[in-house]
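In this note's numbering, the protein residues as written are 4 to 458.
Just so you know, even glycine gets a beta-carbon here, dropped at the ideal spot from N, CA and C.
In this text the structure is predicted, and so the values were computed from the model without any measurement.
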């Protein structure tokens with residue numbers, strides 16, 4: 004049985020469709036649009052995709068289901084949920100989720116701000132059409148005052164949406180933006196099929212270098228992508244599930260979210276790689292070289308001037324960055340909601356006060372990333388990879404050991420007895436060691452990022 008709701012005034016989703024749209028919006032973000040396809044190509048194409056799907060199936064889906072179970076069962080924010088279900092010793096884990104949401108949004112909003120500027124500047128016709136000019140342009144707007152301005156504007160939009168509440172803010176925004184995102188994405192992918200040389204792009208994107216299946220760097224990249232793109236370990240989906248009512252099948256909803264998330268990432272590659280090969284950009288962006296997380300150059304420097312050489316180039320570039328903005332906004336509001344929900348449940352603040360105060364706090368924290376790309380990269384390594392996996396590890400221990408019986412009762416109608424046992428088995432015996440190994444592989448990258456920042 005579900006734990007009783009926290010109180011009669013707690014908000015809820017207006018419809019199951021609204022929840023699914025919002026949850027998919029939380030999962031679908033900037034990483035789906037550009038990091039997935041780029042790292043897939045650098046990581047052996049099909050090998051990376053196979054590893055990613057394995058992590059989604061055997062780690063992501065069980066954890067995603069667990070976050071939904073904990074959220075709906077507790078009917079409170081993650082900070083209060085873990086304390087409520089497992090005792091006061093687990094409260095710091097809930098606080099970790101809020102810290103992850105706060106930390107990720109502080110630098111994520113900087114990148115999102117760039118997508119706004121590029122959308123507007125593409126329509127204005129002021130983006131450079133040559134590679135050197137594009138590099139100089141990004142150098143001018145990617146750090147310093149211009150970056151601060153767009154970061155603050157994006158945070159203001161995010162705060163405004165969250166102050167609107169669950170139905171009128173988060174749900175309404177997701178129902179409007181997610182269909183628009185899919186329409187733009189599919190339209191771009193269809194348009195890309197008309198480009199000469201596109202076949203080479205598709206082949207490169209999905210080339211079968213299966214020897215890379217055992218490459219620790221590729222394994223770490225695939226695991227990190229699965230975590231970040233599914234919004235795992237940061238409490239976002241746990242928070243969203245706390246606003247659910249009824250007894251709909253959570254595993255089915257988890258599968259729907261995961262399929263939609265992967266579809267966006269995969270289709271984005273079907274647009275990006277034909278573009279890269281049509282314009283002969285493979286050598287420019289270093290495909291086939293050392294795997295790197297530095298994909299900013301591809302997204303903001305290399306691809307736009309190439310597309311702008313076409314007659315309809317400015318419209319393609321504007322549509323691309325508008326799509327990225329939609330993805331960034333639906334993810335950002337879920338990150339802020341993690342913090343806002345915790346503050347409302349813990350201190351009894353009004354939604355408006357919590358969103359404005361903590362939204363402004365996050366905006367201030369993000370200034371460091373807005374003026375220093377090395378700091379942004381270090382934050383992404385620490386919060387966007389290591390802490391997310393730590394959150395996932397602790398969630399697996401919570402559900403697999405501490406609240407196993409409660410979790411099985413909550414999900415009883417959604418899985419057969421055999422699948423319930425398998426789910427708990429994965430949470431207890433598979434996910435913890437897998438995440439510990441992947442976290443160990445991630446440490447060198449984190450150390451290098453910190454050295455680059457302070458060295």
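If you measure between the beta carbons of residue i and residue j, is that distance less than 8 Å?
i, j, result
"residue 345", "residue 162", "no"
"residue 69", "residue 369", "no"
"residue 99", "residue 338", "no"
"residue 434", "residue 62", "yes"
"residue 153", "residue 119", "yes"
"residue 208", "residue 104", "no"
"residue 333", "residue 80", "no"
"residue 257", "residue 232", "no"
"residue 401", "residue 130", "no"
"residue 141", "residue 303", "yes"
"residue 396", "residue 278", "no"
"residue 203", "residue 58", "no"
"residue 155", "residue 366", "yes"
"residue 376", "residue 14", "no"
"residue 452", "residue 115", "no"
"residue 165", "residue 343", "yes"
"residue 347", "residue 176", "no"
"residue 416", "residue 250", "yes"
How many Å lie between residue i and residue j at the Cα?
i, j, result
"residue 502", "residue 352", "Absent from the structure is residue 502, since the part of the chain shown begins at 4 and ends at 458."
"residue 418", "residue 411", "9 Å"
"residue 309", "residue 399", "45 Å"
"residue 159", "residue 173", "15 Å"
"residue 286", "residue 364", "42 Å"
"residue 3", "residue 96", "Because the chain is modelled from 4 through 458, residue 3 falls outside the range shown and cannot be assessed."
"residue 186", "residue 90", "45 Å"
"residue 239", "residue 341", "6 Å"
"residue 293", "residue 354", "For residue 293, the pLDDT reaches just 47, beneath the cut-off of 50, and the residue's location in the model is therefore unreliable, although a value from the coordinates is still provided. Between residue 293 and residue 354, the C-alpha separation is close to 46 Å."
"residue 425", "residue 55", "21 Å"
"residue 245", "residue 71", "8 Å"
"residue 237", "residue 184", "23 Å"
"residue 167", "residue 210", "46 Å"
"residue 138", "residue 121", "13 Å"
"residue 4", "residue 405", "Only weak support exists for where residue 4 lies, its pLDDT of 41 falling under 50; the coordinates are left without a value."
"residue 149", "residue 196", "35 Å"
"residue 43", "residue 12", "45 Å"
"residue 135", "residue 35", "27 Å"
"residue 94", "residue 409", "18 Å"
"residue 221", "residue 45", "9 Å"
"residue 329", "residue 447", "33 Å"
"residue 454", "residue 179", "42 Å"
"residue 117", "residue 317", "16 Å"
"residue 151", "residue 420", "53 Å"
"residue 314", "residue 284", "19 Å"
"residue 248", "residue 37", "35 Å"
"residue 20", "residue 78", "19 Å"
"residue 230", "residue 265", "12 Å"
Assuming residue i and residue j form a contact by the criterion Cβ under 8 Å, report the distance between their Cβ atoms to the nearest whole angstrom.
i, j, result
"residue 66", "residue 235", "5 Å"
"residue 228", "residue 39", "6 Å"
"residue 263", "residue 31", "7 Å"
"residue 192", "residue 270", "5 Å"
"residue 75", "residue 413", "7 Å"
"residue 82", "residue 101", "6 Å"
"residue 326", "residue 188", "6 Å"
"residue 438", "residue 392", "5 Å"
"residue 324", "residue 143", "About 17 Å separates the two Cβ atoms, so there is no contact after all."
Leaving out five residues before and five after residue i in sequence, what residues of the same chain have Cβ atoms less than 6 Å from its Cβ?
i, result
"residue 170", "17"
"residue 275", "40"
"residue 200", "280 and 281"
"residue 50", "212, 213, 215 and 216"
"residue 444", "219 and 223"
"residue 360", "none"
"residue 296", "For residue 296, the predicted model reports a pLDDT of 44, less than 50, meaning its position is unreliable and no value from the coordinates is stated."
"residue 388", "227 and 445"
Please go through the same chain and pick out, in chain order, the residues whose beta-carbon is closer than 8 Å to the beta-carbon of residue i, but skip the five residues on each side of it.
i, result
"residue 260", "23, 26, 27, 30, 67, 233 and 240"
"residue 349", "80, 82 and 83"
"residue 322", "187, 190 and 191"
So, for residue i: in the same chain, excluding its five sequence neighbours on each side, which residues have a beta-carbon less than 7 Å away from its beta-carbon?
i, result
"residue 385", "449"
"residue 110", "369, 372, 379, 382 and 383"
"residue 429", "61 and 65"
"residue 403", "427, 430 and 431"
"residue 312", "132"
"residue 407", "427"
Mind checking whether the beta-carbon of residue i lies closer than 7 Å to any heavy atom of the ligand FMN?
i, result
"residue 94", "Among the ligands in the structure shown, none appear at all, so the ligand FMN cannot be discussed."
inquiry  = Please give the ranges of any alpha helix (DSSP H) in the segment 336-385, keeping only runs that are unbroken, at least 4 residues long and fully inside the region.
reply    = 354-368, 370-374 and 376-384
Pick out the complete alpha helix (DSSP H) segments inside the segment 149-195, 4 residues or longer, and give them in chain order. 175-195
Write down every uninterrupted run of the alpha helix (DSSP H) in the segment 23-94 whose length is 4 residues or greater and which is fully enclosed by it, in chain order.
39-45, 49-58, 64-77 and 81-89
To test your reading of the DSSP string, which unbroken alpha helix (DSSP H) runs of 4 or more residues are found completely within the segment 198-279?
201-208, 219-232 and 239-244
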